[in-house]
Every structure is written in structure tokens, then in C-alpha cells.
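Protein chains in written order, with the working numbering: chain A, 904 to 1288; chain B, 904 to 1288; chain C, 904 to 1288; chain D, 904 to 1288.
Single-structure report; data block below.
Number of protein chains: 4
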Amino acid sequence: MEKKTITYGMVGGSNQAFIGDVHRKAIALDGRAKLVAGCFSSNPDHNRETGETNHISPDRLYSDYQAMAKTESTRPDKIDFVSITTPNHTHYAIAKEFLLAGINVVCEKPLCFTVEQAEELKKISEEKGLIFAVTYAYTGYTMVKVAREMIADGKIGKIININAEYAQDWLLDEISENEKSSGKKFSFWRMDPEKSGISNCTGDIGTHMENMVHYLTGLKIKRLHATINRFGHALDLNANMIVEYENQINGGYWCSQLAAGHKNGFVVRVFGTEGGIEWMEEFPDYLKFTPRNSATQILSRSSGYITEKAASYGRLPAGHPEGYIIAFANTYKNIISTILKKNAGETPSEGDLDFQTVTDGLNGVKFVHAVIESADNDSKWVTLD
Amino acid sequence: MEKKTITYGMVGGSNQAFIGDVHRKAIALDGRAKLVAGCFSSNPDHNRETGETNHISPDRLYSDYQAMAKTESTRPDKIDFVSITTPNHTHYAIAKEFLLAGINVVCEKPLCFTVEQAEELKKISEEKGLIFAVTYAYTGYTMVKVAREMIADGKIGKIININAEYAQDWLLDEISENEKSSGKKFSFWRMDPEKSGISNCTGDIGTHMENMVHYLTGLKIKRLHATINRFGHALDLNANMIVEYENQINGGYWCSQLAAGHKNGFVVRVFGTEGGIEWMEEFPDYLKFTPRNSATQILSRSSGYITEKAASYGRLPAGHPEGYIIAFANTYKNIISTILKKNAGETPSEGDLDFQTVTDGLNGVKFVHAVIESADNDSKWVTLD
Amino acid sequence: MEKKTITYGMVGGSNQAFIGDVHRKAIALDGRAKLVAGCFSSNPDHNRETGETNHISPDRLYSDYQAMAKTESTRPDKIDFVSITTPNHTHYAIAKEFLLAGINVVCEKPLCFTVEQAEELKKISEEKGLIFAVTYAYTGYTMVKVAREMIADGKIGKIININAEYAQDWLLDEISENEKSSGKKFSFWRMDPEKSGISNCTGDIGTHMENMVHYLTGLKIKRLHATINRFGHALDLNANMIVEYENQINGGYWCSQLAAGHKNGFVVRVFGTEGGIEWMEEFPDYLKFTPRNSATQILSRSSGYITEKAASYGRLPAGHPEGYIIAFANTYKNIISTILKKNAGETPSEGDLDFQTVTDGLNGVKFVHAVIESADNDSKWVTLD
Amino acid sequence: MEKKTITYGMVGGSNQAFIGDVHRKAIALDGRAKLVAGCFSSNPDHNRETGETNHISPDRLYSDYQAMAKTESTRPDKIDFVSITTPNHTHYAIAKEFLLAGINVVCEKPLCFTVEQAEELKKISEEKGLIFAVTYAYTGYTMVKVAREMIADGKIGKIININAEYAQDWLLDEISENEKSSGKKFSFWRMDPEKSGISNCTGDIGTHMENMVHYLTGLKIKRLHATINRFGHALDLNANMIVEYENQINGGYWCSQLAAGHKNGFVVRVFGTEGGIEWMEEFPDYLKFTPRNSATQILSRSSGYITEKAASYGRLPAGHPEGYIIAFANTYKNIISTILKKNAGETPSEGDLDFQTVTDGLNGVKFVHAVIESADNDSKWVTLD
């Protein structure tokens, strides 16, 4: 039977950017969605060049996203979804435009700037009956899915404690005295409130902690308090948080872009009454699992001790590292399956729906706002919802 | 400027197999070669299904590889290369058929069964002026390329010692008394001399040790002695070797498919008078480097301490795991660049030619034969070449 | 020249306890102090047996510490110091008794229950001109001393962030539903406020975080806020804290006795503008050091890249694990050197004085009180000092 | 009950040496043997100073070992054993002297230079009914004992493969061109055949591989072949070996003092039909255990999953690193228990006798000779026994 395919368009993701290409490669891995339209850059040269690289027909290469949404929505072969990989400050307007044009949306995180915007996008997508996925793509790793299933299966008992951190060091030059004295100027867009909103570090990486813990455990943050460090800049570069979940247990969170020695150190530990689980994004093919009073086990993608459903995400034999692009591909696999079923008038399965949505994006926006609000108010408790 | 693309066909690689799909995904990552023809399986259903999955036009879906070579060679839009991912015993005949038909070949390792076959393939490809790549794809990892450059740059001084191992545990069931007593029957094709030739373990994974050390250091094995263990089976499941290189230094090699706890434990250590380097395929994004009398350094894909040329292979920011498919993609990137230049009448650069060829495949066959010959002759020294 | 020696006595540390024996073994390693008196247990059998095991003369085996302090203080060959390794609630009274009797004191942490008690002990020791050491013995590890020197030397620049955790899992049975349903009863003394004061987890292990960060960096906590989790018990079993240092930078702290998979997971990370340092007590012979924009280095005890003064603590060639007892021995080495010099009327060197004192013990008590006060007051900021 | 104690003397082990002090500290840890006599150095100043440091009575401080053996053997309070920690070339004569004087011997490895010497020492000790221990002290680590019990209990099934390595880098300066050109001269005694016999690297560290594998598994080497590398020096600095055990399975061994990045990298892996075990001396408190088709487990010293007998060696709670001196202490613990029982006319238990003896020393000498003989004869097979 021929593989069913759909089509998609992109806003953002010129050849000059990083994450757009990851989206394209991840989608290409399974070959079930074809890129046919795009508005890749506001720079006409970059837009044209990226269109050519991706064999986009000239009539579907758009100079602005409004035209793209309008034109595509009226074509008989209109795109099945749009993938938005532009800078953060533009997500809201672009996503809204495509939703109003009746097109399914896949959007990078953080979803948008304000809780109101996020709630509006959620409302529109629900009213229109459209798919709205947000690419918290780390949830696509096979061993993350294994961890989630193990927790749901009670392998670690009742959850009693959470510890999460996301540490990088790539912005260290921004505050180094040695660099400053060299006269070098910094102009990273993530540090610019116009483009990043109220937060740099928490919005860019800290939000993954809230999302991943929720994905793994189902726990929702009830309230939190936080400190952030701006080190003379407009936005946060480091943040510490203590969160309180619905069941009155706590979690310690830390994110930083100034932690020398950490390239992409995203680590989540979930502890329960009967065991603990640890996952690190830098070594995503492994999962540490310690049953109470037993030796720590190093699980990897392999038959035997991981469940069938989660194992179905593994695309290589155990021991062969899968990596980041496969995590994205697993995310898109479910998004595309869901769209295919919806197009066919079928009901997506629970497995198909295993991707992060506008609701998760909204939760992320609330989390970021709560962190900054607490930190800017002497670390008072801020309640979410 | 539009991205230049070429076309390719596959022999082997049905949806039921593993490695063929890896090749397709790796090629798809860069989108510079399109799969347009195939003879994916001798099973007509599997062949048809795989053709459909990959959108192969019915007239280019072939029931036998001879027909494919013949027909494709006469088409004006003939494939630019064929990728051969069939079981080992068929590589020789298929590769020869396509070479004779004037089509560039990319073939899985081990190249073929005998030294004579390998030499014949090498000769034909040279006479015909065709590209003949062999996918020792681990050489495509960014940090392997970094290691190679560091060694060439003298970072570890004069090489004095090598240690390599490739340990897996997936065939342990074959010799477990517990499994035997369960009445379970095993019939893995790699254990069948008809399909694997004279070696299972050394031919499948041991050969990577010889290839990788040569790739990293340029060293050639002069002679070796070995023991193998068949544990009552027709072919080797475990092998130990001591090799002697041109410069009279030695290396200790070990490969096994019976080493519980090792999923894909390919580790190469190169020691020199001024330092040492270690790389592990299970954590391919890292490289251990210890300068003499200094602390061990953990290098990762990142600017600053890795050279520009090697760094150009990195496709993600440091800290994001790249994985196995990107190693394959890097290999194909160079193969495709070379074919594109050749098609355009240009001379491929040294960087384009950074992939393993029929000569490396021939060296691999010689190595495997030497190991088995030594082991079957009370571990006598066997000279290569 | 004969090695100069002194004598000491112990209160607590019967053969039935753990930490007393560690003290004896650590002191025995260097052979400069001889155990000659003791009141090892309130249980007469345990006391007598431990006395015999340690060859204590019957006239110096005491049934209560008051008698011991009184008698020893009047002997011409009175002990040079007493080592107190009793449960926490008795530290204050015992230490005071020996100070008043004019005998130098070495006391386990936590020093005592209240800030007032700690200040009183500090005052008496200063008035009497007596040594009062508190065995925060992790500061005795060679690589901790190396880290301290590197930070002082500016190797990581200006400190901008701290992360510390101390996670164990040995009290998990206390809250496991599976264990409870088995009818098993728990009665660990650390969970009893009478014996542990206001805190179990923070007082027992959390206090090491405050102490170690101060030892490594010189930083003092200005204020902190915290949550603790008692899980139905009288005292804390898990705690999260955000601390603020004098220079307005922050630190995230976490301690737990319920973190499955962590046996004695004490980890401290110090980040600066020019690099970062990480030390783990479970692998104490190593130190991770990452200079800004460079590869992470794994330092170990060895010549070349560690400073002479710190290296002098290493007692074995690099690669041979030194372990916990040597950390204690290094601590006692300095205490004994200081007492020897004092006895001889000489001034101890800065190196001799490199051990933790009653002032550090006082700081620890303040820290523990601040954590519990904050947690019990809806995580309000609590200022230290 | 008072702790029973015995006395001992030392030959070698001046304050200027390393390993003698380790022996003294290890014995001191348990306090059951008191050092009362010694001939610490042929240098009278060093001898006297070490005697004073250790409070040796002047009449039991000897200027030559012959006088020591003679005098001690006639004292009513003669030493219960002598500990020999002199350079290798003197072991034989000293050990023989004390045996003939009727004194139990503990001797450092390698035992002596020739198989004949070793056999003679074995014969004398047996005839005299004396204890003759050889301090292959790595067998004293708790987790080594755990591994041994697990293997004996069938946890990894029937053994099918061995891999061992012992890699250091401290002699790299000896062959560095950079160092040579600096005019620096090297004169390490281990490189001198007069003092080290026929082997440096294999005799010093390689011998631990043979001993440890035998200790863990009971397997004896039937024959082996080897290459060694002298790099222009008189003795080996690097060696590769393939060994064949009684049951026709093989092992790959490698030892080196030129492997940059390895400080004391002693690693032994034992693979069986039902699982595998790995132990590393640099992280001695941990043991990797992988049951067939299951996740790798990281065992540590702790209740629950390690057997009672082996666990009895642990002296600290899990998570606190024990280190090298405790391994020595565990070895001496059994030696001293055996001597105490023998003195009391009792039969030592199997547990008491868990230390390496002159027979193990003899096996070590045979192993070293076989390696050098094979390497010097074009890697021919050399049979042991």
C-alpha cells in the first residue's frame, strides 16, 4: 500500500537559520509530508534562495505570511499544515493568521508573549477544529516516552520530588569582563525584549523543564517562586525556581546560559516512593532507573525491558545513537498521523495525539510569566491559573 | 541558486530490513539525491510495497537487479548511483553488474567474500572511472573527523599504541544454555556461511576496527595473529587479535557479539608520545583527548577547539546529539558532492573525497581473511598484502 | 627525628556506631595522636567492650562524660583533645563541659541545636584560647582543596552562580506505602526532634552544602528562602532552597534522603565569568573544570596542573582512589598540627589552620534554622546574621 | 572482649618510599597488628628516621634483614609476621631468610624473578607450615569480592570470554621526543633489569590481570602469546597478550605505562552465557552487572543486592568512597585473622584464608615469564605449567 502523504508550508526557516532546517530534515526522515510552500525570510534573497534549495514552485514562494495564508487557504491543493519557525515575537500574529485561514499550525516554542495571546490562539484553534502543535520536541525522544510509561505504570510509586535543570554556557561571553574589555559588542536577539518578550533564558530553555515534567508525570505547577539574574542586561540569563505541584510536593528548577561546562545540559529527575528516574538530553538514548533498595539500571532502547508502545519510536538498533533530529521526527510523525486521520474523517488514536499542543504552549507562557513576576517581586509566590 | 540534485536507485533495503532505510533517511537529510529506482527485495510483495512507500514509478521498480542495471544504464535519465544494501553474499555480483553497466556504486560493508572479488571490483571501477564507495559510515561522525585532524596535526605526537574493541551482546541467546533448553531455534543469517562467508563477527563488526584505525591514523596493518571462538557454531562470535603496524608498533583488537552489557560498544583509542585520543560510537559527539602530563579533555562539537574543516560536518549546536543517521548523511554528502563534480566535469576536492572506497573495502576483506586464517592455524602470524 | 605525638579521648563512638570508628581510623592513618581515654557509650557493656578493643586503660574508661572532663583535666598527662561523635542533641553539653575543663574540642556536625548554644561555645573557646574544630570533613578531600585554590587564583573568574545538592535515598522505606503496609516500624533517631532538633535532612546533610560553598568560595549567604517536605513525619526529609549571597548572586540548593538512585550524592558546582568547577563526593578524586569556551577538563590528583600546597594532601599516586577516611585524616592532620604548635608555643601556619571551626559550626546552625524558619513561614526570605 | 593483637616487622618501607606506608596505614586501620621491628632502608639515616617515626624500640631497628630474621626468631616476643616491601630484586632472598627463621611472610608482588625461586619459596613455606601471603591487594576491594561471589553463584552463567587491561601513562616522559630533546635523563628503577628482572610493565601491573581474573573466576591460563614494546629501553613498557584458559575460551589482555589519559586504569570484564560483569579500580566502589537481555545495573556497596559475606568487607555506608587503603586493610584483615587462629591452634575459616598466597605469587611469575618468552620468540604460544 502506498504511503499516504500530505503537504506543508513553512514561515521562517531560511537557509540562514538553524531550527527551520531541523524541522525539514525531521519531516523528511519519514517522507510523509512534502514541503510545497513557504515564506522563509523577510529578506527577499534569502527567501528566494531557500525556496530554490527546497524546490518550491515560484507561485508558492511568498514574500509575506499574510499573502501565504490567504492564497494557500483558497487553493484546491492547499497545504495541510504550516510550520512556524520564526523569532518568538512573531509567533502569535502568524499562527493567528493561519488559524483564521483554516490551516493547521505547528509552532515553535515559546508559543507567544502573553497569556492572553496564548489563550486566544487556543480558543481559535478549538473553534475552528484545527490542529495546533507546539514543538517541545524533546518529548519525542524514545527514552522520554519509556520514562513516561514507566511512571504511569507505577514503576516509581507515588511521586514525591522533582529536580530539573537546563544549563548552557553559550552566552558567557556576554558577561565576561575579558570580553567586555576587548570592546566586542553583543547583539544577540534573544537578549532583546522586542524579540524575546519578558524573558530570555527562562523563555528559551527554562520552559522545557515545566513542559517535560508535565509530560512525564502529568503534574501541574500550582505556584512557584523564583530568582532571576540579568547581570546588567535587559533579560534573564540565569534563574532558580522552587515550584509547588498540585499534590503539595515540590520541585527545584534551575536554568542558565552562563554555566561553563554545560552545552545543552537538560536533566530531569523524578523521584517516587518506590524508585527514581533520570533522563539527560545530552545522552538521550539512556534512562537511569533505580527501584527502591535496588541497583541503578541503565535502560537503553532495546527489547525486553521497555514497553512495546514506547519502543515503537526507536528507529535504530540499541546502541546506535538516535539524536535530536529523530526526536523531532517522532514529534512530526504523530502530528502527521493525526492530520492524515482527521483528513480521512477518522479519529486519531491516543498514540497519534502524543504531541504537545497549544494548551502546552499556553502553560509554558504562564510558567515564564510567573517566574519573571515572582523574581521581580522579591520572590513572592505566584499562582498559576 | 537552486540546489543541484542527482538520482539514485537501491538494491535491497525493503521496508522489512533495517539498514536500507537508514541509507534512505541519511540521503533524505540533505535532499540532494532522489530515490527513483529500486529492486528492494526478491519477495515481490515486499518489493512492490517498498516501491510504493518510496513513490517509485512502476517502470523503475525491478524484480531483479540485472534487469535494473541493464534498463537503467540505457535510460537518458539513468540513476547517478546505486546503493547496495543486500546481505553480504550478494554484494559482489550486484556491484559488478552495475559497474559493468557504467553506474557509480555505493555498497555496504563487508564489500564481498574473497580478496580476489574485491580486487576485481576495484579494477573494474578504476577502468571504468566510476565512483565506488563503501559505507564504513562511522567515519562520517564529526568527532571522528576532528580526531583524525588532531592526529594529523601532531596533537598526540608519534603514534605508539592502538587499542580497539567492538562489543555487542545481541547474539548471546545463541549460546545460552537456558535458551537452548527452551527448544528455541536460531537461524540468524549472519551465522550462515552461505550468506556471511568465512566470518560472522569479524566480518560484520571487527572490520570496523581495522577501517577506523586506518582512517584516523593512516596506519596499515602489516601482520596479525588471532583467536576466534565459534562456540559450536559455523562462524566466529568472538575474536581477539594482536596486530602489527608498518612502524612495528602493535595494537590489541577485540570484537564480540556475546559481551553482555555492550549494545554497540565500538571504542578506538590511539596513543602517541605526546597524548592520547579515545572515541566511542555510543557517545559519538564526544572525544577524549589527553595531552601528555595534562588533564583529560572532553571535546564536543563546538567552536574554538575543533578545526574549521571538521566542524563543518556538525549539523546541530553542540550539546544536541547528532546520532548515527547524520554519520551516514555526512558520508553520502561527500559521495554526492563527488558525483556532482564528476558529472559537471570538475575535480572533486580532498574534502569531497573524504569517504571510504573500494580500496578500503578490499583492505577490510584482507583483514577478515587474515584473522580467520590465523585463528584456524594456531594463531600464526598472517601477513597482509 | 621522632614523630611528635599527642593523645586524645573520645565521647561516643562505640563499636556499635559508625562515625566514631571513622574518626579513629583517620587519626590512626597518620599515627600522630593516640587514643588513651573514652566514654564511648551510655551502655556499660558497649562502653567497656569499645574500651578494650581500643586498649584503653581501665582508669581512663569513663561511664559519664562529666567525670571524664573533670578527671582528665586534672591529670598531668591529660588528653590533648576530645573528639565528640555522639548524637546531635548531646554535642552542646559535652563540648561545653570539655571547654570549661580546658580541653581542646573536635566535634561532629551539626554543632548543636540553637544559634545561642553555638555562639556560647564559640565564646567560651575563644575566651579559653582553645581549639574548637567541627568535622565538616569533606573539606579534607585533596580535590576540594585544589578547587578552592583554583577559585582563589581566579581560574573561573568572578563567581556568578552556585548549584549544590546532597541527595541520598536511605530513608525511602520511611515513606514507602509498600513498607508501611508490611507493618514494619521505623524509629530512626535522626527523625526524632528530641535527638535531631528542628531538622533531620537539612541538619544532617544539607548543612554540608552551605559549608562547602563557603569553604570553596568564601561566599556567605545573606538570605534564603526554602520549602521542606516532612511527608507526615516530624522532621524534614527533603528540602529546596534558593540562597542569595553577599554579592547578590544566587544559588540553588537541594537536599533529600528520599532520592532513589543517590547513595551519597553530594555535588557542588561553582560557576564564574571565566569558567566552572564541579566536584562530586562519590568520585572525590576528580574535579571537572571548564574554562570559558574550552573543553571540559577532568583533573585528578597528579602533578602538573594542581598546585603544590593542595597536592601535598594527596597520599597516593593519581589513579588510586583515596576515599572518605583520607578526607577525615587530612582534616585531623591539620587539627593535630595546630595543637602540636600551640602546645609548643608556636604559631600555627595558615595551612595548619585549614580545618573547619566552631565559627563554621555556628554558621551551619544559622543556616539550618533559616531554612526551617523560611519553610514554616510560607517560604519567606530569612536573613542570616 | 579485648581485641586480640599480634606484632609485625617490616623490611623496606622507609618514609621515602610509597607502598610501605600504605601497608602500615592499612594495618593501622584495624589496629590488630602492631609494628615493633624493622629494617626499613639500607640508608642508615632513612632507617633510623623511619624507626623513630614509627616508635620502634632501638634494639629492634636492624641495619640488615639477616640480623633481623636471626634476632627476631630467637626473641620470646618475636614478630608474628614480616611485611616485605623492598624493590623486586630483593624479595626472594629476604622472604627465604624469614621463612627459614620460622617467621610468617607477607610480600609485595611480583614475588621474585624466576619460577625456580618462587617454587622454592612455596616449598619452604609449606614445609615449615608458615603463612606466605602476597599482596595482590586489589582482591581486597569489597566490590571485587561481590563480583567473585556473583560469578561463583552463576549470576553470569558459564564464562565464555575475558577482557582485561591495566593502563597507566606515568612513563610517557621516558619516550617523548620533546623530553629527550630537553636533555632530561631518566633513571627509573623499574626500567632497570637488575632491579626489575625480565619485565617492567608486565611484571609491575600486567601481573594483576592474571591474578584478578583467577581470583574472580578460578580460571587458570593454559597458554598465551604476546607482543611487547620496549621502545628502545631494556624492558617492556607496553604489552598485548591473548590468553587461552583451561576451558578453551580466550582472553584479551593489555597493559601499558604509556597510555595518555590513564592514571591507574585497571579494568576487568568477565562475560558469561547469562551476563557480564565489569570492575574498574579507579572507581572501585562500583560494579557493572548486566544480566542477559536486561539493563546494565550499577551495583554499589549497599544492602539488598550484595551477599552478606562480601558485604562484611564494606567499612563505610554506600556512597562514601572506600579507596585503596581499605583494599589493603581487607587483605591484612584476613592475613591477621589467619595468623591469630593459627597461633591459637585453631583452623582458619575459608573467609580468613581469602588472601593471595605464595602460590598466586608463583603463578604471577610464570605468567610474566611466559609473556616475555612469547614476545621474544615471535609471539609463539607459551604453555604455563
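Ideal Cβ placement from N, Cα and C applies to all residues, glycine included.
Worksheet item: Using a Cβ-Cβ distance under 8 Å, would Ile959 (chain A) count as near chain D?
Response: Position 56 of the first sequence, counted from the first residue, corresponds to residue 959 (chain A). Not one chain D Cβ lies under 8 Å of Ile959 (chain A).
Discussion item. Suppose you measure from the CA of Leu932 (chain D) to the CA of His1272 (chain A); what does that come to, to the nearest Å?
Written reply: Indexing the fourth sequence from 1 puts residue 932 (chain D) at position 29. Indexing the first sequence from 1 puts residue 1272 (chain A) at position 369. Near 58 Å, if we compare the C-alpha coordinates of His1272 (chain A) and Leu932 (chain D).
Worksheet item: What residue does the alpha helix (DSSP H) around Asn1233 (chain A) start on, and which one ends it?
Response: For the purposes of this step, residue 1233 (chain A) is taken as residue 330 along the first sequence, with counting starting at 1. Start and end: 1227-1246.
Worksheet item: Excluding the five sequence neighbours on either side, which residues of its own chain have a C-beta within less than 6 Å of the C-beta of Ala1050 (chain D), listed in chain order?
Response: Counting from 1 along the fourth sequence, the entry for residue 1050 (chain D) is found at position 147. The residues are Leu1119, Ile1180, Trp1182, Leu1190.
Practice prompt. Please classify Gly1267 (chain B): does DSSP put it in a helix, a strand, or coil?
Written response: Here residue 1267 (chain B) corresponds to residue number 364 of the second sequence, with the count starting at 1. In this structure, Gly1267 (chain B) counts as helix in the three-state DSSP scheme.
Fill in: Contact set between Glu1187 (chain C) and chain D, taken where Cβ atoms lie within less than 7 Å
Translated into positions along the third sequence, residue 1187 (chain C) becomes position 284. Sequence inspection shows Pro at residue 1187 (chain C); the Glu mentioned does not correspond to that position. Residues of chain D passing the Cβ test: Pro1224.
Fill in: Residues within the region 929-950 of chain D neighbouring chain C, beta-carbon criterion of under 9 Å
Ala931, Leu932, Asp933, Gly934
Discussion item. Can you pull out the residues from the region 984-1006 of chain C whose beta carbon lies closer than 9 Å to at least one beta carbon of chain A?
Written reply: none
Worksheet item: What in chain C is Cβ-close to Gln1200 (chain B), meaning under 9 Å?
Response: Taking the second sequence and counting its residues from 1, one reaches residue 1200 (chain B) at position 297. Chain C residues near Gln1200 (chain B): Ser1197, Ala1198, Thr1199, Gln1200, Ile1201.
Worksheet item: Which parts of the region 997-1068 of chain C are runs of the beta strand (DSSP E), unbroken and 3 residues or longer, counting only runs that do not cross its ends?
Response: 1007-1010, 1035-1037
Worksheet item: Closest by CA to Arg1133 (chain A), which one among A:Pro1187, A:Tyr1156, A:Asn1143?
Response: Mapped onto the first sequence, residue 1133 (chain A) falls at position 230. With distances taken between Cα atoms, Arg1133 (chain A) lies closest to A:Asn1143.
Worksheet item: Shorter than 8 Å from the beta carbon of Asn1081 (chain C) to some beta carbon of chain A?
Response: Taking the third sequence and counting its residues from 1, the one referred to as residue 1081 (chain C) is at position 178. Closer than 8 Å: yes.
Item to complete: Using alpha carbons as the reference points, say which of D:Tyr995, D:Thr1038, D:Tyr1044 lies closest to Ile1027 (chain D).
Response: As a working mapping, residue 1027 (chain D) is identified with position 124 in the fourth sequence. When only C-alpha atoms are compared, the closest one is D:Tyr995.
Worksheet item: Would you call the region 1243-1254 of chain D and the region 1252-1270 of chain C in contact, with 3 or more CB pairs under 8 Å?
Response: no
Item to complete: Evaluate Phe867 (chain A) with the Cβ neighbour count: other Cβ atoms within 10 Å of its Cβ, from every protein chain shown; 16 or more gives buried, anything less gives exposed.
Response: Residue 867 (chain A) is absent from the structure shown; chain A starts at 904 and stops at 1288.
Discussion item. Any beta carbon from chain D within less than 8 Å of Lys1166 (chain C)'s own beta carbon?
Written reply: Here residue 1166 (chain C) refers to the residue found at position 263 of the third sequence. Closer than 8 Å to some Cβ of chain D, the Cβ of Lys1166 (chain C) qualifies, so yes.
Discussion item. Could you check whether Glu1185 (chain D) and Asn1224 (chain C) sit closer than 8 Å to each other, using their CB atoms as the reference points?
Written reply: In the third sequence, counting from the first residue as 1, residue 1224 (chain C) sits at position 321. In the fourth sequence, counting from the first residue as 1, residue 1185 (chain D) sits at position 282. With the sequence shown as reference, residue 1224 (chain C) is identified as Pro, and Asn is not the correct amino acid for it. Cβ distance < 8 Å, so Pro1224 (chain C) and Glu1185 (chain D) count as in contact.
Worksheet item: Which partner residues does Met1183 (chain B) have in the DSSP bridge list?
Response: On the second sequence, residue 1183 (chain B) is found 280 positions in, with the first residue counted as 1. Met1183 (chain B) pairs with B:Val1170.
Worksheet entry | Secondary structure, alpha helix (DSSP H): runs of 4+ residues fully inside the region 937-964 of chain C | 947-956
Practice prompt. Flag this pair as yes or no: are the beta carbons of Val1296 (chain A) and His1128 (chain A) separated by less than 8 Å?
Written response: Within the shown structure, residues of chain A are numbered from 904 to 1288, placing residue 1296 (chain A) beyond reach of any answer.
Item to complete: Kindly indicate which three-state DSSP category Gln969 (chain C) falls into: helix, strand or coil?
Response: Position 66 of the third sequence holds residue 969 (chain C). Three-state result, Gln969 (chain C): helix.
Worksheet item: Does any C-beta atom of chain B lie closer than 8 Å to the C-beta of His1128 (chain D)?
Response: The count along the fourth sequence starts at 1 and reaches residue 1128 (chain D) at position 225. Answer yes: the Cβ-Cβ gap between His1128 (chain D) and chain B drops below 8 Å somewhere.
Discussion item. Measuring straight from C-alpha to C-alpha, what distance separates Val1077 (chain C) and Gly1175 (chain B)?
Written reply: For the purposes of this step, residue 1077 (chain C) is taken as residue 174 along the third sequence, with counting starting at 1. For the purposes of this step, residue 1175 (chain B) is taken as residue 272 along the second sequence, with counting starting at 1. Here residue 1077 (chain C) turns out to be Glu, not Val, going by the sequence shown. Roughly 54 Å between the two C-alpha positions.
Worksheet item: Count the other CB atoms within 10 Å of the CB of Trp1092 (chain D); is the residue buried (16 or more) or exposed (fewer)?
Response: Within the fourth sequence, residue 1092 (chain D) is the residue found at index 189, counting from 1. The residue is exposed, with fewer than 16 neighbouring Cβ atoms inside 10 Å.
Discussion item. To the nearest angstrom, how far is the alpha carbon of Val1261 (chain D) from that of Gln1259 (chain B)?
Written reply: By one-based count along the fourth sequence, residue 1261 (chain D) stands at place 358. By one-based count along the second sequence, residue 1259 (chain B) stands at place 356. Whole-angstrom Cα-Cα distance: 54 Å.
Practice prompt. Put Glu1147 (chain A) into one of helix, strand or coil per three-state DSSP.
Written response: In the first sequence, counting from the first residue as 1, residue 1147 (chain A) sits at position 244. Glu1147 (chain A): strand per DSSP, three-state reduction.
Item to complete: Excluding the 5 residues preceding and the 5 following Gln919 (chain B) in the sequence, name in chain order all residues of the same chain whose CB lies nearer than 6 Å to its CB.
Response: Indexing the second sequence from 1 puts residue 919 (chain B) at position 16. The residues are His949.
Item to complete: List the residues of chain B that Ala1229 (chain A) touches, going by C-beta distances under 8 Å, in chain order.
Response: On the first sequence, residue 1229 (chain A) is found 326 positions in, with the first residue counted as 1. The sequence given here has Ile at residue 1229 (chain A), not Ala. Per Cβ cutoff of 8 Å: Gly1226, Ile1228.
Item to complete: Answer yes or no: do Ile1006 (chain D) and Phe1035 (chain D) have a C-beta to C-beta separation smaller than 8 Å?
Response: Looking up residue 1006 (chain D) in the fourth sequence gives position 103. Looking up residue 1035 (chain D) in the fourth sequence gives position 132. No, Cβ-Cβ distance for Ile1006 (chain D) and Phe1035 (chain D) is not below 8 Å.
Worksheet entry | the region 1228-1243 of chain C contacting the region 923-930 of chain C, beta-carbon criterion three pairs below 8 Å | yes
Worksheet item: Among residues of its own chain, excluding the 5 on either side of Ser972 (chain A), which ones have a beta-carbon nearer than 6 Å to its beta-carbon?
Response: Here the question's residue 972 (chain A) lines up with position 69 in the first sequence. With the sequence shown as reference, residue 972 (chain A) is identified as Ala, and Ser is not the correct amino acid for it. Only Glu1000, Phe1001, Ala1004 meet the Cβ criterion.
Practice prompt. Pull up the DSSP beta-bridge partners for Arg1126 (chain B), would you.
Written response: Numbered from its first residue, the second sequence carries residue 1126 (chain B) at position 223. Answer is B:Glu1147, B:Thr1286.
Worksheet item: Is the number of C-beta pairs between the region 1031-1046 of chain D and the region 1056-1064 of chain B that are closer than 8 Å three or more?
Response: no
Fill in: Proximity below 8 Å, CB of Asn991 (chain D) to CB of Glu1113 (chain D)
Taking the first residue of the fourth sequence as 1, we reach residue 991 (chain D) at position 88. Taking the first residue of the fourth sequence as 1, we reach residue 1113 (chain D) at position 210. Cβ distance not < 8 Å, so Asn991 (chain D) and Glu1113 (chain D) don't count as in contact.
Item to complete: Along the beta strand (DSSP E) that carries Asn1153 (chain A), what are the first and last residues, could you check?
Response: Locating residue 1153 (chain A) in the first sequence gives position 250, counting from the first residue. From DSSP, the beta strand (DSSP E) with Asn1153 (chain A) extends over 1153-1159.
Item to complete: Pick out whichever of C:Tyr911, C:Ser1203, C:Asn1141 has its Cα sitting closest to the Cα of Ser1102 (chain C).
Response: Along the third sequence, one-based indexing puts residue 1102 (chain C) at 199. Per the Cα distances, C:Asn1141.
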